[in-house]
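Shown next, in structure tokens, is the structure this report addresses.
Protein chains in written order, with our numbering: chain P, 1 to 437; chain Z, 1001 to 1166; chain S, 2001 to 2118.
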């Protein structure tokens, strides 16, 4: 298991880049078809199945159509920014996949090649940074169109994405407390060491991450920015042809990356459950499978068939989350914009902050007591998290914080009354001025 | 008499669990997802089942020797609500009336079937046919020869078991 | 360690080239038939009224400010979280104090209505 030489590393890197890029583009194209097919199946009909076998060539037809369409541009639009908007949306979406490990390392005659495009030390910070960049594409598209609807749509979209990035970052902080490193390969390794995927010990972080990821990628129930019936097309009203197509491509690429992240952070990435044989991590230069009873490393046995199996496991988990995205989209109605903002700032943010503190206390207590990092450690954390999740779902979910228009109105009267220092006289009766939200 | 009052119990917002409602909804959509019975008709391999009273493009009946049954009485252009039938009548040398020009503009037609109802000799019929796409607009004006050579079944506007039908 | 960034550069270049390629190809293959109606900004079929660079509501600005504050809080929490287990209780108490201070700010903003109707 020697290290790769310089040229071998470059060759392997280029091959991996090409493979991952082609894979991401292919999957994004297939996702457009899959979305339509799943939507149709849920609605008791068949989707497009004429173009190729099972409609496989439909994305090709769509892409060809988008290339050949006339692209109108409003005469008063800011031209360079109009062109730049879709580009800024698409490029970060395509490159975000680079730090996600998708299989166990592959032994080749020239050395061991790890199945991640760029094993940079910054890991998940790269992904957080690029998802912030995605906001730029939306805002720029909305502003450059020189159209009031697009402008407001872009602004609302960016406000929504930005509000949920805080909750996203905080749920990642929870995972970092347990994982101890920002790189995703280390997170997979920690889950393998613990014998439990992080979704169980950190269940509330998983729920918060899922909700925030739905809002980040502008998917229903958070798709107010592109709600077709509300703001025409929102920020992409004035776009047509390929420039428009780059926005949904970016959205599907973000969806793919978020699903892969959910699988990696919370479901073990490429780990196959209940099997120690696939654990692998580069520990001080050698690949180990774990530590035995005395703490000395056990070398890992790498094989090409293990790579394929673990890639299959990763693909299954990512596909499950993508299906979850689509399944939820065709089930739940859209949230109103103020409900989205309320959820992000008043529910997710305080919950995430409190949960960070609870997990930190639990972890430090477990370490102080001396429980070794392993299954028992994880099981205790699971019970604490299950308690927090139950509290979150049963207390917070009762329609007190996030509810219909009437509740917000009541709240507004209360704030007014408190500001004026008197009792609130509302259509719901006379209420006190000191009650809390 | 006082009207019957039905009391609808709606769940109060403070007592509902949105999570349970969402999960019930997701179970429903999942059941639809895996349900193998879809309502899509795979045209052109499968055709929709049309009822015998379905009204489509027209057909002119002919006598055994190939002459149209139409006697150019002028009832169908008069009754047509969309004004789509153009009829110019004439007499042949034996004194029988026949249509010199008979055109139906299928674009204007609303396929109501009144021309078939009103025809005293059961010459013009609306047919059970819809597969007649053309490349140019003027191909949609059916003249007499074209109407005579259509071969699809005609709409059954009267109930055969009704003794007053013919 | 620096060489692990090279694949990232290659991927960036490839993605950027693809994006530019899409724009270029569609620019070449497009039919261009501008009409006055197509050039106008879309406002549900009417002639657009008013200037599009009009003032927009201030609540977006408030959201942006709140986001900056809490995102910076997240950024400060990140290095602590990575080392949380090694550092122990002392730094945890310091960080807890930091989070409590910011939580007080959040509660203040909530009660004052800064998070309303947005």
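Glycine included, C-beta positions come from ideal geometry on N, C-alpha and C.
Close beta carbons around residue i, own chain, < 8 Å, minus the five adjacent residues each side
i	result
residue 1069 (chain Z)	1060, 1061, 1062, 1063, 1121, 1122, 1123
residue 59 (chain P)	29, 30, 32, 33
residue 358 (chain P)	384, 388
residue 1137 (chain Z)	1107
Local conformation of residue i per DSSP, three classes
i	result
residue 111 (chain P)	strand
residue 1099 (chain Z)	strand
residue 223 (chain P)	coil
residue 1026 (chain Z)	helix
residue 433 (chain P)	Residue confidence is low: residue 433 (chain P) scores 41 on pLDDT, short of 50, so the model does not pin down where it sits. Its coordinate-derived value is still stated next. Three-state DSSP puts residue 433 (chain P) in coil, outside helix and strand.
residue 160 (chain P)	helix
residue 265 (chain P)	helix
residue 406 (chain P)	No answer about residue 406 (chain P) holds up, because its pLDDT of 46 lies below 50 and its placement is not dependable.
residue 291 (chain P)	strand
residue 299 (chain P)	strand
residue 2056 (chain S)	coil
residue 1105 (chain Z)	strand
residue 1142 (chain Z)	strand
residue 479 (chain P)	Past the boundaries of the shown model lies residue 479 (chain P); chain P is included only from 1 to 437, so the question cannot be answered.
residue 106 (chain P)	strand
residue 1053 (chain Z)	coil
residue 1122 (chain Z)	coil
residue 1007 (chain Z)	coil
residue 242 (chain P)	helix
residue 1087 (chain Z)	strand
residue 2069 (chain S)	helix
residue 254 (chain P)	helix
Other residues of its chain near residue i: CB distance less than 6 Å, five sequence neighbours each side excluded
i	result
residue 257 (chain P)	96, 97
residue 209 (chain P)	171
residue 1168 (chain Z)	Because chain Z is modelled from 1001 through 1166, residue 1168 (chain Z) falls outside the range shown and cannot be assessed.
residue 2102 (chain S)	2073
residue 113 (chain P)	12, 106
residue 136 (chain P)	88
residue 1156 (chain Z)	1052, 1053
Supposed close pair residue i, residue j - CB separation, criterion 8 Å
i	j	result
residue 101 (chain P)	residue 184 (chain P)	6 Å
residue 93 (chain P)	residue 250 (chain P)	4 Å
residue 314 (chain P)	residue 103 (chain P)	6 Å
residue 1111 (chain Z)	residue 1140 (chain Z)	Residue 1111 (chain Z) to residue 1140 (chain Z), Cβ: 13 Å. No contact.
residue 242 (chain P)	residue 70 (chain P)	At roughly 11 Å, the Cβ-Cβ gap does not stay under 8 Å, so residue 242 (chain P) and residue 70 (chain P) are not in contact.
residue 340 (chain P)	residue 215 (chain P)	7 Å
residue 201 (chain P)	residue 378 (chain P)	5 Å
Buried versus exposed, by CB contacts within 10 Å (16 or more), residue i
i	result
residue 404 (chain P)	Note that residue 404 (chain P) has pLDDT 47, beneath the 50 cutoff, so the model's placement of it is unreliable and no number is given.
residue 1154 (chain Z)	buried
residue 1151 (chain Z)	exposed
residue 1072 (chain Z)	buried
residue 1042 (chain Z)	exposed
residue 1045 (chain Z)	exposed
residue 1006 (chain Z)	exposed
residue 1094 (chain Z)	exposed
residue 302 (chain P)	buried
residue 390 (chain P)	exposed
residue 2068 (chain S)	exposed
Chain-order list of residues whose beta-carbon lies under 7 Å from that of residue i (same chain, five-residue window excluded)
i	result
residue 123 (chain P)	99, 182, 183, 184
residue 191 (chain P)	197, 198, 268, 271
residue 167 (chain P)	208, 212, 344, 348, 349, 352
residue 407 (chain P)	Bear in mind that the predicted position of residue 407 (chain P) carries a pLDDT of just 48, short of 50, making it too unreliable to give a figure here.
residue 2115 (chain S)	2109
residue 334 (chain P)	220, 221, 223, 224, 227
residue 355 (chain P)	174, 204, 205, 388
Residue i: contacting residues in chain C (beta-carbon distance under 9 Å)
i	result
residue 38 (chain P)	Included in the structure are the protein chains P, Z and S, with no chain C among them.
At a CB distance below 7 Å, what residues from the segment 82-107 of chain P approach chain S? Give them in sequence order. Here the close residues are 83, 87, 90, 91, 94, 95, 98.
Residues of the segment 1103-1121 of chain Z whose Cβ lies closer than 8 Å to any Cβ of chain P, in chain order: none
Residues of the segment 329-346 of chain P with Cβ closer than 9 Å to any Cβ of chain Z, in chain order: For the segment 329-346 of chain P, residues whose beta-carbon sits nearer than 9 Å to a beta-carbon of chain Z comprise 330, 331, 332.
Listed in chain order, which residues of the segment 1028-1055 of chain Z have Cβ atoms closer than 9 Å to some Cβ of chain P? The segment 1028-1055 of chain Z vs chain P, Cβ under 9 Å: 1028, 1029, 1030, 1032, 1033, 1034, 1035, 1037, 1038, 1039, 1040, 1042.
With 8 Å as the limit, tell me which residues of the segment 2008-2020 of chain S have their beta carbon closer than that to any beta carbon of chain P; keep them in chain order. 2008, 2010, 2011, 2012, 2014, 2015, 2016, 2018, 2019, 2020
Selection of the segment 2-16 of chain P by Cβ proximity to chain S, strictly under 8 Å: 6, 9, 10, 13, 14, 16
May I ask you to list, following chain order, the residues of the segment 300-331 of chain P that have a beta carbon less than 8 Å from some beta carbon of chain Z? 327, 328, 330, 331
Taking a Cβ distance cut-off of 8 Å, strictly less, list which residues of the segment 1133-1159 of chain Z are near chain P, in chain order. Listed by position, the residues of the segment 1133-1159 of chain Z near chain P (Cβ gap below 8 Å) amount to none.
Return the residues of the segment 171-188 of chain P that lie within a Cβ-Cβ distance of less than 7 Å from chain S, sorted by chain order. 173, 176, 177, 180, 181, 182
Going along the segment 2024-2036 of chain S in order, which residues come within less than 7 Å of chain P, judged by CB to CB distance? 2025, 2026, 2029, 2030, 2031, 2032, 2033
Proximal residues, the segment 53-87 of chain P versus chain S, C-beta separation under 9 Å: Correct list: 66, 67, 68, 69, 70, 71, 72, 73, 74, 75, 76, 77, 83, 86, 87.
Return the residues of the segment 194-220 of chain P that lie within a Cβ-Cβ distance of less than 9 Å from chain Z, sorted by chain order. none
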